[in-house]
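Protein sequence lines, in the order shown, are assigned to chains D and W.
Counting from 1 along the first sequence, just add 801 to a position and that's the residue number in our numbering.
Counting from 1 along the second sequence, just add 801 to a position and that's the residue number in our numbering.
Number of protein chains: 2
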Amino acid sequence: MYALYTDRYQLSMLGSYLREGLASRRAVFELSMRRLPRNRRFLVMAGIDRGLRYLENLRFTDDEIAYLREAPSLRDVMTDELIAYLRAFRFSGDVYGLREGELLLGGGPVLRVEGTLAEAQLVETFLLGAINHEAKVASKAARVVLAAQGRPVIEFGARRLDPMAAPTAARAAYIAGCVGTSSEEAGFRFGVPVTGTCAHSYMLAHVDDGEVGAFAAFSQSYPSGTSLLIDTWDTLRGAIRATAAGPAVHSVRIDSGDLATLGPKVRAILDAAGRSDIKLIASDDMDEFKIQALLAAGAPYDSFGVGTAIVLSPDAPSFGAVYKLVEVDNRHGKPIPVAKRAPGKASYGGRKQLLRRYNAEGIACEDVIALVDEATEGEPLFVHHMHKGQRVTKHTEAERTKSARALCKSRIAVLSQEQRVIALEESVPVTSAYRVSMTDAVRALERLEDR
Amino acid sequence: MYALYTDRYQLSMLGSYLREGLASRRAVFELSMRRLPRNRRFLVMAGIDRGLRYLENLRFTDDEIAYLREAPSLRDVMTDELIAYLRAFRFSGDVYGLREGELLLGGGPVLRVEGTLAEAQLVETFLLGAINHEAKVASKAARVVLAAQGRPVIEFGARRLDPMAAPTAARAAYIAGCVGTSSEEAGFRFGVPVTGTCAHSYMLAHVDDGEVGAFAAFSQSYPSGTSLLIDTWDTLRGAIRATAAGPAVHSVRIDSGDLATLGPKVRAILDAAGRSDIKLIASDDMDEFKIQALLAAGAPYDSFGVGTAIVLSPDAPSFGAVYKLVEVDNRHGKPIPVAKRAPGKASYGGRKQLLRRYNAEGIACEDVIALVDEATEGEPLFVHHMHKGQRVTKHTEAERTKSARALCKSRIAVLSQEQRVIALEESVPVTSAYRVSMTDAVRALERLEDR
């Protein structure tokens, strides 16, 4: 299960390690962000929990092994020994790292995977994919939530990305502060609150009785609470009709047109009809900048539905977390720190952790990358996630999601004003980048022996 | 299975339609692209096949129904009738549309779904997600393949997106002309050729014998053909060492540094050692622009590994396919074309198809959007995919993937030079947009009755 959600070269290396007698050597890999992506002043870490679930459940099925046996480029290493290895495979390593919902305020380590060389290598692709995807969504969602200044933001993006990636995107957005999602699967699997209104097609489907008939029918279907979409033909007329659709109507949504102008007009119509209780929802390709502009202009929206911007993060579409071997045993069983020297992509060896320091006002002001066995001042951000292939703590999916959300909220509360700025870098440059320092012991590992 | 990979509002509408007696009305929805995304002069359609597979397999499991019964916002409509409806649900409609691998040269319809109002509405989210994702990847991959001018391009992007989305991305890239992927699952499920080299970690893991030992070990593991990564410490020294690693070495990969400068130097080292048979692979965050620049500078690369650019399409990260109700029966069973009027998002009603016209040289020069029952000149691009919930043709996944790839290749061969330009729009503006026309009968449906 999930065993083939990896790159071929992981299996090529595994086959070679087994032949060479290196497969069971102890190794330490580090998943890290070299730097923050453009336009991001902080990242919300997500995807870690899914990575752990993957490690727990990773197995090679008979079908998968049969497929690998026929792969031409693996034929040279496809011995009985390798097949037996794949059959018996379980991830048996230890994992340390940031908690789901933690913030990364500069570059630094995210996870540390300690296990055999073969197992810790094999899992690279999935761990990177899960974290690159979910941290990207969560980090963008946090910006949108900040822009909404306390007004609820609902994630609507399922139709804009691979259907299989939508539930995890919804969960990541929820961790980052969205109040809910449209994705039914995210509710089913992760306990994310699911909400929905109706579509233009619902109005169009009422060919016999038009918008008035559609509004009446929907509010009769949902007497406990109805949300109506009012811009199918004429938004202001839709607003008037919504006020006549009965007391069940608790909100109306506008999905097109000049939202800054329409908002106050619709609000006035609702209020004049004595329906100041009806909330106003804006959707129409929203992002943090449009929300900020609408609120700055005083448009009276109560909540926002956001799709594309949150799930695809178009201004920072790619998150570049990397996964590097940082330590491996030599033939005498002695752990040796290792690092590559490739220009622009050099890495630091050694088993590292991340600590955070706060100023007198309790604002996060510096992160420190230290070796695990160093005594260093600061709040340790790494926890022990997995021991010998088993999670250290047992919780339901819904509990994990809730606790990640609570952590994220508490962390955003102690961000500096500089880091809360949501403007693009070209318009409001970062004047003082968040300080990330390395201890002398970490720096010393940059000067690794040439091989 | 897959039933909850949808938006809540689809189920809210379904529940209301059932109560209103509208659920089984005949309806026609159209999935279309309003226009080409920025920086794209043609789109490669993919995700259609997966959409059809979804429609064939769509079921509500008992667990899923139990979950929906508890959903607060659905409680008002959660009758025994609705539960029975969900239990018995099978998609029973007809689907027409473009073939997988077909090109879209301007805006236009992609799929037409004809069925009951309830079933054709429910499937919106998945169909849009699959096509927005896969068409985005395929369209970007086609540009990268064009830039490589016949040199093989391998898709390496699994670690940059949700792990569940990687196999479909790999398949989409393969349809668009990539020769293979790193994604093992894409080989297993879709028969996409899978290839791989080795990672920097492999070199670093050889702490006892260094790069020389690593090269020797890998070529001993893969005597039928070895690919080595030479930039872990010093690329030129790595090239020299690769020539000494035995005859199994058939390629070397460079993943960092100034590739334009390194390429000729590495080539010279290989040739001087009598190893002109060793191919040179470039990776390092490649995209169509970097490949074009490298080849324009004469850098002697034989193939390219491309990850992020293909799977995330950063210059056009969001594809905006939409799904609109275009026709629905009235209470007398008469089909009524419908369309919304929302500003900037107006749609055209009616059951439509797409036809293509070619000039005397056989170059595609105009697409025509026509009603399905109109006699219109041009090559009809819509085929009948599904009849009463069953595929019209039966093929294996691998056969479907191959035939989509062949179609795409034949279509790209008859593109105009203007459409093959891969430069960004701001540097090389489109001088004459591809012509997409509508027949008079389609235009007449814009003036739909106000409701």
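Using N, Cα and C, we set each Cβ at its ideal position, and we do this for glycine too.
Close Cβ partners of residue i (< 8 angstroms) along its chain, the five nearest in sequence each way excluded
i         : result
VAL1215/W : TYR1159, GLY1163, ILE1164, ALA1165
ALA824/D  : LEU815, TYR818, TYR886, THR917, LEU918, ALA919
ARG1192/D : LEU853, GLU857, HIS1186
LYS1189/W : SER893, GLY894, ASP895
GLY908/W  : SER833, MET834, ARG835, ARG836, LEU837, VAL1237
VAL945/W  : VAL954, CYS979, MET1087, ASP1088, GLU1089, ILE1092, PHE1105, VAL1107, ALA1110, ILE1111
LEU1095/W : LEU1060, ALA1061, GLY1064, ALA1083, TYR1102
Of the listed residues the options, nearest to residue i (C-alpha basis)
i         : options                                    : result
LEU923/D  : ILE976/D, SER893/D, ARG1212/D, THR1062/D   : SER893/D
LEU815/W  : LEU875/W, VAL1169/W, ASP863/W, SER1228/W   : LEU875/W
SER1077/D : LEU904/D, ALA1083/D, SER1057/D, HIS1051/D  : HIS1051/D
LEU1208/W : SER833/W, ALA824/W, GLU903/W, PHE830/W     : GLU903/W
ALA1234/W : SER833/W, ILE1055/W, LEU905/W              : LEU905/W
VAL896/W  : ILE866/W, ILE849/W, ASP864/W, ALA872/W     : ILE849/W
ALA967/W  : LYS1195/D, GLU831/D, THR926/D, ARG961/D    : THR926/D
TYR810/W  : THR969/D, VAL829/D, LEU1030/D              : LEU1030/D
VAL1053/D : ASP1086/D, VAL1139/D, ASP1103/D, LEU1096/D : ASP1103/D
ASN840/D  : LYS1066/D, CYS999/D, PRO1118/D, ASN1131/D  : PRO1118/D
GLY782/D  : ALA1100/D, GLN950/D, ALA1224/D, ARG1042/D  : The structure shown does not extend to residue 782/D, since chain D is modelled only from 802 to 1252, so the question has no answer here.
GLY1047/W : LEU1071/W, LYS1066/W, ARG944/W             : LEU1071/W
THR996/W  : ILE1082/W, GLN950/W, GLY1039/W             : ILE1082/W
LEU1246/W : PRO1138/W, GLY1064/W, PHE1120/W            : PRO1138/W
GLY1150/W : ALA1242/W, GLY951/W, HIS934/W, ILE1055/W   : ALA1242/W
GLU935/W  : GLY907/W, GLU915/W, ALA921/W, ILE976/W     : ILE976/W
GLY1099/D : SER1084/D, ARG1068/D, LEU1113/D            : ARG1068/D
GLU1180/D : PRO1115/D, ASP877/D, ASP1168/D             : ASP1168/D
ASP1251/W : LYS1141/W, ASN933/W, ARG888/W              : LYS1141/W
ALA1017/D : ALA987/W, GLU821/W, GLU1175/W              : GLU821/W
CYS999/D  : LYS1195/W, SER813/W, GLU1226/W             : SER813/W
ALA1205/W : ARG826/W, ARG851/W, ARG827/W               : ARG851/W
ARG1212/D : ARG900/D, THR862/D, ASP1085/D              : ARG900/D
ALA784/D  : ARG888/D, GLY1121/D, GLU986/D              : Residue 784/D is absent from the model: chain D starts at 802 and stops at 1252.
For residue i: DSSP bridge partner residues
i         : result
ASP895/W  : GLU915/W
ILE1137/W : VAL1129/W
MET1004/W : MET1004/W is not bridged to any residue.
ASP1168/D : ARG1157/D, VAL1237/D
ALA1083/W : ILE1055/W, PHE1105/W
TYR803/D  : ARG860/D
GLY909/D  : MET834/D
MET1187/W : VAL896/W, ARG1192/W
Proximal residues to residue i (C-beta, below 6 angstroms), its chain only, five neighbours per side dropped
i         : result
MET879/W  : ARG870
ASP808/W  : THR926
THR1027/W : PHE1019, SER1020, ALA1049, VAL1050
PHE991/W  : ARG972, GLU1198, THR1202
ALA1074/W : THR1044
PRO953/W  : VAL980, SER1104
Cα-Cα separation between residue i and residue j, rounded to whole angstroms
i         : j         : result
ARG836/D  : TYR868/W  : 41 angstroms
LEU912/D  : PRO964/D  : 27 angstroms
THR1202/W : VAL993/W  : 8 angstroms
GLU1200/D : PRO873/W  : 19 angstroms
THR1197/D : VAL1184/W : 47 angstroms
PHE989/W  : LEU805/D  : 8 angstroms
TRP1034/D : ALA1147/W : 9 angstroms
ARG1152/W : VAL829/W  : 7 angstroms
TYR803/W  : VAL1123/W : 20 angstroms
GLU1178/D : LEU1156/D : 8 angstroms
ALA948/D  : PRO1101/D : 14 angstroms
Neighbourhood of residue i by C-beta distance below 7 angstroms, restricted to the same chain and skipping five residues each side
i         : result
ARG891/W  : GLY1190
LYS1066/D : LEU1037
ASP1032/D : GLY1039, ILE1055, ASP1056, SER1057, GLY1058
8 angstroms Cβ cutoff, residue i in contact with chain B
i         : result
PRO1118/D : This model lacks chain B altogether, as its protein chains are D and W.
Three or more C-beta pairs below 8 angstroms linking the region 1121–1131 of chain D and the region 974–993 of chain D: no
Stretch pair the region 855–869 of chain W + the region 1003–1014 of chain D: three plus CB contacts closer than 8 angstroms: no
Meets three-Cβ-pair contact criterion under 8 angstroms: the region 939–949 of chain D and the region 834–846 of chain D: yes
Three-pair Cβ contact test at 8 angstroms for the region 954–963 of chain D versus the region 1102–1112 of chain D: yes
Three-pair Cβ contact test at 8 angstroms for the region 1237–1246 of chain D versus the region 1211–1225 of chain D: no
Touching by the beta-carbon criterion (3+ pairs, under 8 angstroms), the region 1059–1074 of chain W and the region 1088–1105 of chain W: yes
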